[in-house]
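Beneath this line is the structure, given in structure tokens, with notes to follow.
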Amino acid sequence: MFEYFPGNYVWSMSVVATLNSGGLIDEVDRACRPLRELAAQGADVGTRELMAAWAAVADQLEAQAAEAEKAGHRRGAGQKYIRASNYLSQAERMQSAASPDRPAVYQRLMDLLAKGIELIDPATTRVEVPFEGTSLPAYFTGAATPGRPRPPVMVMWNGLDSTKEHMYASGFAVELAARGISTLMVDCPGSGEALRLRGLTARVTTEDWAKACVDYLEARDDVRTDRIGLVGWSLGGYYAPRAAAFEKRLALCVAWGANHNWGAVQKRRLEREGENPVPHYWEHVLWVWGETDLDTFIAKAEDVHLDGVVEHITVPFLIAHGETDRQIPVAYAHRSYEQAVNSPKRELRIFAPAEGASEHIGLDHLPHVGSFIADWIEETLAELDGGR
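Now the structure itself:
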């Protein structure tokens, strides 16, 4: 993996996530260069300065975008708004959960993305998925055409610290749309806007969210309701298989990064084994799961595993994992594959360092793993239709 900040895995991972999700190397370097000395002091030190450095670049981009928009240059303006949102998104996720600025920063990055989408992406709209008396915020990128008014659709879920804005910036929905597949990118409880602005926290029974997503899609007139799939990355590698095991209306499932026993990973992290995904880690997970003390959280996390669960998956199931993932051991990818005995098409794809995408969810070469997954989804949907 390209490590902009040698010795600081967490900050370096954020850099490659940005670069592989539409970031430009000059702008990324401009934000990160002043932070090199701080980065050497550890992941938790200097995150406020990191936020300020990224915000300065986003400020500049927003000003350029506004000027371009005023001049009628919609495409250039939209691109800049979207990049500014992406930079703020990666910096915001690195902040302490207790940071008083987080809600305002998050609202700003959503507003910037909304401007960019309005200017250059008519296929994408912001939507709300009804859920237990409230709703889950999401983006829907449609692939309907006059000749195919009801295409298949993939529901996309994030993980412990990513957001629907990062899912959008990754370009995965564009790849699916090019293959005639729509995408619903959802902030589930415990992530993104659902957590930050609505206070919805994570839970073990992710089939609850899946039911809400499928119910929502079945009510649309531009979706093929018998071809709804689910893909989840990072902690979504637990969320999605768990949901597919028990929500039987789903047509296929992808674990973008296996997360077979996330509870065991937490115990390893207590022993300082493996890498954390974000600074201020334990504060972050307590926030995500709605707990106030570590002992209660660790007890709850013991149920976050897929043993006795993936056996209930009865649809095509892909597990994509990096061979050198420093957060989630590759052995968990093999375990999910070995236990998914009732899937009619189970496939395990391990990405090696020589090809890239061998780190966590392939962030070191995100387009490579993303295009593989998109191809697998397209191929599998065709097979479900008898090869059509």
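Its first residue numbered 46, the sequence shown is counted upward by one per residue in our numbering.
We put the CB at the ideal spot given by N, CA and C, even for glycine.
Note that the coordinates shown come from a computational prediction; the quantities given were computed from them, not determined experimentally.
- Note on glutamate 137: 16 or more other CB atoms within 10 angstroms of its CB, so buried under the neighbour-count rule.
- Under the DSSP assignment, phenylalanine 176 falls in the beta strand (DSSP E) whose first and last residues are 169 to 176.
- Take the alpha-carbon of tryptophan 327 and the one of leucine 339: they are about 8 Å apart.
- If you draw a straight line from the Cα of alanine 365 to the Cα of lysine 115, it is about 44 Å long.
- Under the 8 Å Cβ criterion, the region 397 to 415 counts as touching the region 50 to 69, having at least three qualifying pairs.
- As the crow flies, the alpha-carbon of threonine 169 is around 12 Å from that of lysine 160.
- The bridge partners DSSP lists for asparagine 306 are His350.
- Look at phenylalanine 342 here: in three-state DSSP terms it is helix.
- Sequence-distant Cβ neighbours of alanine 397 in its own chain, meaning closer than 7 Å and more than five residues away, are Glu368 and Ser403.
- Beyond the five residues adjoining it in sequence on each side, tyrosine 54 comes within less than 6 Å, by CB distance, of Glu320 in the same chain, given in chain order.
- Ranked by Cα distance from proline 389, the options Val355, Trp202 and Pro175 are led by Val355.
- Residues of the same chain with a CB within less than 6 Å of the CB of phenylalanine 185, apart from the 5 flanking positions on each side, are Thr170, Val172 and Leu229 in chain order.
- Note that the C-beta distance between proline 196 and glycine 216 is not below 8 Å.
- Judged by DSSP in its simplified three-state form, threonine 425 adopts helix.
- Burial is judged here by how many other beta carbons sit within 10 angstroms of a residue's own beta carbon; threonine 337 has fewer than 16 and is exposed.
- Taking the CA atoms as reference points, glycine 431 sits about 13 Å from arginine 272.
- Residue environment analysis places threonine 208 among the buried positions, since at least 16 neighbouring C-beta atoms fall within 10 angstroms of its C-beta.
- Ranked by Cα distance from glutamine 372, the first of Gly117, Pro322 and Glu383 is Pro322.
- Exclusion of the five residues before and after valine 268 leaves Arg195, Val198, Ser227 and Leu262 as the residues of its chain whose Cβ lies within less than 7 Å of its Cβ.
- Fewer than three beta-carbon pairs drawn from the region 340 to 349 and the region 100 to 109 are found closer than 8 Å, and the two stretches are therefore not classed as touching.
- Bridge pairing for valine 276: Met201 and Val299 [DSSP].
- When C-beta atoms of the region 125 to 134 are compared with those of the region 82 to 95, fewer than three pairs fall below 8 Å, so the two segments do not count as touching.
- Residue pairing by DSSP places serine 227 opposite Val198 in a beta bridge.
- Assignment of beta-bridge partners to leucine 80 by DSSP yields no partner.
- Note that the C-beta distance between isoleucine 422 and glycine 244 is not below 8 Å.
- Taking a 10 Å sphere around the C-beta of aspartate 260, we find fewer than 16 other C-beta atoms and assign the residue as exposed.
- Each of Leu240, Glu252 and Glu107 was checked against the Cα of cysteine 298, and the nearest Cα belongs to Glu252.
- Comparing alpha carbon positions, the residue from Leu181, Gly121 and Pro145 closest to glutamate 163 is Gly121.
- Within the DSSP secondary-structure output, glycine 121 pairs in no beta bridge.
- Between phenylalanine 362 and arginine 391 the beta-carbon gap is near 5 Å, inside 8 Å, which marks them as a contact.
- Taking valine 200 as the centre and dropping the five residues before and after it, the same chain places the C-beta of Leu229, Cys258 and Leu275 closer than 6 Å to its C-beta, in chain order.
- Sixteen is the threshold: since fewer than 16 other Cβ atoms of the shown chains lie within 10 Å of the Cβ of glutamine 152, the residue is exposed.
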